[in-house]
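Residue numbers (this note's numbering): 16 to 457. Note that beta-carbon positions come from the ideal geometry of N, C-alpha and C, so glycine has one too. Please read all numbers here as calculations on a predicted model, not as lab measurements. I have placed the structure first, in the form of structure tokens, so that the comments after it can refer back to it.
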């Protein structure tokens with residue numbers, strides 16, 4: 016790790032070289048070590064360190080941004096010349112608004128040193144579990160450390176180290192597959208044995224899947240499927256930019272009861288139940304934001320620009336300066352319920368159990384988050400409270416806004432998953448009238 020002092024000195028030296036009225040530097044140093052396995056053996060063990068520097072400047076109501084991955088003198092000088100050209104060719108529009116210096120709560124959730132030996136030991140146990148059932152094993156285990164440093168010409172300097180681990184496990188037979196995935200603050204916080212046996216169970220139960228007619232069914236979505244759903248809802252709905260441009264359901268339904276009263280969702284970068292990300296890419300501390308309370312959507316998240324547009328403060332949700340999406344939730348929590356997934360299954364007269372979704376696209380109707388996608392790695396028909404049979408993967412076409420309105424029950428189990436702009440921690444859901452529109456041959 017570079018550490019706070021080295022990053023401060025680096026950014027301070029670069030800031031002195033910028034000749035513009037308003038300047039912002041965002042330095043991101045990503046360290047990733049990964050062990051990947053397939054066909055019951057480790058086939059790749061890699062480690063890399065990537066440096067990215069975002070330079071955002073403003074002058075005479077013009078703005079420019081550039082990203083570089085080298086910060087030697089020549090590379091930085093070339094970046095400055097490129098910024099001058101961009102500014103010269105920009106029309107006068109708006110001043111670059113940068114946040115003022117902030118007060119920070121010191122947080123360091125990097126609690127590990129990446130260890131290929133430790134990852135190999137974990138993978139060996141995962142493979143042995145599959146070999147006992149004569150299954151092929153696939154997946155990856157990774158350890159990641161990101162250091163984020165932000166400095167601007169208003170005197171702001173923010174620094175945050177962010178650490179997390181991630182595991183994926185898949186078992187495959189000739190006619191089936193089972194899959195589980197999870198993130199945690201370190202390797203010890205992930206129960207790889209549990210992940211492995213859950214994936215194993217899915218693979219064994221889903222052998223020789225059968226056809227099922229498409230239609231509307233009550234579904235039990237396991238946390239992996241819910242994470243995919245909430246990523247789409249978050250992307251299309253909870254950004255202040257999407258609200259301002261009237262592309263979000265919040266533009267129509269803010270403050271109205273449109274979801275089940277059981278649904279409560281918030282975003283909190285300092286919640287220790289998730290992956291702690293204390294500041295955003297403008298150096299603004301993360302604030303807890305209630306997104307949905309008792310089924311009522313309350314409001315979006317803001318960065319400095321979008322907050323200035325409507326007279327609100329940033330909630331600490333700026334993305335890297337080159338993004339066009341506006342602010343997005345990055346530590347999303349879906350409040351769990353009080354029943355287990357097994358209890359949810361036992362109470363269901365007829366429905367479908369979905370392990371996860373695949374290739375979800377919600378651009379069909381962004382306001383209603385009308386999405387299409389496929390089930391994957393374990394889809395089952397439930398009858399009379401028991402798994403009746405495995406079924407072939409099915410295509411759905413479903414508004415996720417309507418789905419959240421049809422939530423009947425929420426599991427107490429939750430899973431941390433990577434998110435478009437960070438992480439989510441979500442439970443399983445029982446949802447009525449989920450619309451399946453097609454079948455597959457596998």
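Exposure label - residue 191; buried when at least 16 CB within 10 Å: What you label residue 191 is simply residue 176 of the chain shown in a count that begins at 1. Flag for residue 191 reads buried.
Other residues of its chain near residue 247: CB distance less than 8 angstroms, five sequence neighbours each side excluded: Locating residue 247 in the chain shown gives position 232, counting from the first residue. Closer than 8 angstroms at the Cβ level, and outside the excluded window around residue 247, lie 375, 377, 384, 386 and 415.
Straight-line gap, residue 62 to residue 203 (C-alpha atoms, nearest Å): Here residue 62 refers to the residue found at position 47 when the chain shown is read from its first residue. Here residue 203 refers to the residue found at position 188 when the chain shown is read from its first residue. So the alpha carbons of these two residues sit roughly 20 angstroms apart.
Residue 346, DSSP secondary structure in three states: For the purposes of this step, residue 346 is identified with residue 331 of the chain shown, where counting begins at 1. Strand at residue 346.
Alpha-carbon to alpha-carbon, residue 350 and residue 189: In the chain shown, the residue the question calls residue 189 occupies position 174. In the chain shown, the residue the question calls residue 350 occupies position 335. If you take the alpha carbons of residue 189 and residue 350, they lie about 38 angstroms apart.
Cα-Cα separation, residue 64 to residue 353: Mapped onto the chain shown, residue 64 falls at position 49. Mapped onto the chain shown, residue 353 falls at position 338. Roughly 42 angstroms between the two C-alpha positions.
Residue 433, DSSP secondary structure in three states: Position 418 of the chain shown holds residue 433. Residue 433: strand per DSSP, three-state reduction.
9 angstroms Cβ cutoff met for residue 411 and residue 402: Within the chain shown, residue 411 is the residue found at index 396, counting from 1. Within the chain shown, residue 402 is the residue found at index 387, counting from 1. Not a contact, by the Cβ cut-off of 9 angstroms.
Of the residues 355, 319 and 362, the one placed nearest residue 341, counting alpha carbons only: As a working mapping, residue 341 is identified with position 326 in the chain shown. Residue nearest to residue 341 within the set 355, 319 and 362 is 319 (criterion: CA-CA distance).
6 angstroms CB neighbourhood of residue 169 in its chain, flanking five on each side removed: Position 154 of the chain shown, counted from the start, is the residue given in the question as residue 169. Cβ within range, chain order: 113 and 115.
Given 8 angstroms, three or more beta-carbon pairs between the region 129-142 and the region 155-163: The region 129-142 is in contact with the region 155-163.
Every unbroken beta strand (DSSP E) within the region 325-369, with a cutoff of 3 residues, ordered by chain: 346-349
Residue 449 - containing beta strand (DSSP E), residue span: Taking the first residue of the chain shown as 1, we reach residue 449 at position 434. Residue 449 -> beta strand (DSSP E) spans 438-454.
Residue ranges of each beta strand (DSSP E) within the region 184-257, 3 or longer: DSSP runs (the beta strand (DSSP E)) wholly in the region 184-257: 192-199 and 230-236.
Option nearest residue 208 by Cα separation, candidates 142, 364, 379 and 283: By one-based count along the chain shown, residue 208 stands at place 193. The shortest Cα separation from residue 208 among 142, 364, 379 and 283 belongs to 142.
Whole-Å CB distance - residue 458 paired with residue 240, under 8 angstroms assumed: Since the first residue shown for the chain is 16 and the last is 457, residue 458 is missing from the structure and cannot be characterised.
Proximity to residue 20 [Cα-Cα], best of 68, 173 and 225: Indexing the chain shown from 1 puts residue 20 at position 5. Measuring from the Cα of residue 20, the nearest candidate turns out to be 173.
Proximity of residue 70 and residue 198 at Cβ, strictly below 9 angstroms: Numbered from 1 along the chain shown, position 55 holds the residue referred to as residue 70. Numbered from 1 along the chain shown, position 183 holds the residue referred to as residue 198. No, these two residues do not count as a Cβ contact at 9 angstroms.
Whether residue 316 touches residue 242 by CB criterion (9 angstroms): Translated into positions along the chain shown, residue 316 becomes position 301. Translated into positions along the chain shown, residue 242 becomes position 227. Their beta carbons are not under 9 angstroms apart, which means residue 316 does not touch residue 242 by this criterion.
Same chain only: Cβ atoms within 6 angstroms of residue 211, ignoring 5 sequence neighbours per side: Reading the chain shown from its first residue, position 196 is the one you call residue 211. Counting only Cβ-Cβ distances below 6 angstroms, and skipping sequence neighbours, we find 141, 144 and 184.
Check whether residue 119 and residue 293 have beta carbons under 9 angstroms apart: In the chain shown, the residue the question calls residue 119 occupies position 104. In the chain shown, the residue the question calls residue 293 occupies position 278. Their beta carbons are under 9 angstroms apart, which means residue 119 touches residue 293 by this criterion.
Buried or exposed (CB count within 10 angstroms, at least 16 for buried), residue 85: The residue you call residue 85 lines up with position 70 of the chain shown. Looking at its Cβ environment, which holds fewer than 16 other Cβ atoms inside 10 Å, residue 85 is exposed.
Inter-residue Cα distance where the pair is residue 282 and residue 452: For the purposes of this step, residue 282 is taken as residue 267 along the chain shown, with counting starting at 1. For the purposes of this step, residue 452 is taken as residue 437 along the chain shown, with counting starting at 1. Looking at the two C-alpha atoms, the distance is approximately 33 angstroms.
Assigned secondary structure, residue 298 (DSSP; H/G/I helix, E/B strand, else coil): The count along the chain shown starts at 1 and reaches residue 298 at position 283. DSSP places residue 298 in coil when its eight states are reduced to three.
Under 9 angstroms between C-beta atoms of residue 334 and residue 343: The residue labelled residue 334 in the question sits at position 319 within the chain shown. The residue labelled residue 343 in the question sits at position 328 within the chain shown. The answer is yes: Cβ separation under 9 angstroms.
Proximity of residue 285 and residue 165 at Cβ, strictly below 9 angstroms: For the purposes of this step, residue 285 is taken as residue 270 along the chain shown, with counting starting at 1. For the purposes of this step, residue 165 is taken as residue 150 along the chain shown, with counting starting at 1. For residue 285 and residue 165, no; Cβs fall outside 9 angstroms.
Classification of residue 104 by the beta-carbon crowding that lies within 10 angstroms, buried from 16 upward: On the chain shown, residue 104 is found 89 positions in, with the first residue counted as 1. Answer is exposed; the Cβ neighbour count stays below 16.
Exposure label - residue 59; buried when at least 16 CB within 10 Å: Translated into positions along the chain shown, residue 59 becomes position 44. By the Cβ neighbour-count rule, residue 59 is exposed, with fewer than 16 other Cβ atoms within 10 Å of its own.
Contact under 9 angstroms by Cβ, residue 68 with residue 82: Taking the chain shown and counting its residues from 1, the one referred to as residue 68 is at position 53. Taking the chain shown and counting its residues from 1, the one referred to as residue 82 is at position 67. Cβ atoms of residue 68 and residue 82: closer than 9 angstroms.
Straight-line Cα distance separating residue 413 from residue 454: As a position in the chain shown, residue 454 is number 439, starting the count at 1. As a position in the chain shown, residue 413 is number 398, starting the count at 1. Cα-Cα distance, rounded: 15 angstroms.
One or two residues paired with residue 152 in a DSSP bridge: Here residue 152 is taken as the residue at index 137 of the chain shown, counted from 1. In the DSSP output, where bridge partners are listed per residue, residue 152 has 186.
Proximity of residue 231 and residue 448 at Cβ, strictly below 9 angstroms: Taking the first residue of the chain shown as 1, we reach residue 231 at position 216. Taking the first residue of the chain shown as 1, we reach residue 448 at position 433. Taking 9 angstroms as the Cβ cut-off, residue 231 and residue 448 qualify as a contacting pair.
Counterpart residues of residue 404 in DSSP-defined beta bridges: As a first step, residue 404 is located in the chain shown; it is residue number 389 there, counting from the start. According to DSSP, residue 404 bridges with 396.
Residues bridged to residue 59 [DSSP beta-bridge criterion]: Looking up residue 59 in the chain shown gives position 44. Answer by DSSP bridge pairing, in chain order: 51.
Enclosing beta strand (DSSP E) for residue 281 [first to last residue]: By one-based count along the chain shown, residue 281 stands at place 266. Unbroken beta strand (DSSP E) run through residue 281: 280-282.
Cβ neighbours of residue 109 in the same chain (closer than 8 angstroms, five flanking residues each side left out): Here residue 109 refers to the residue found at position 94 when the chain shown is read from its first residue. Same-chain partners within the cutoff: 76 and 78.
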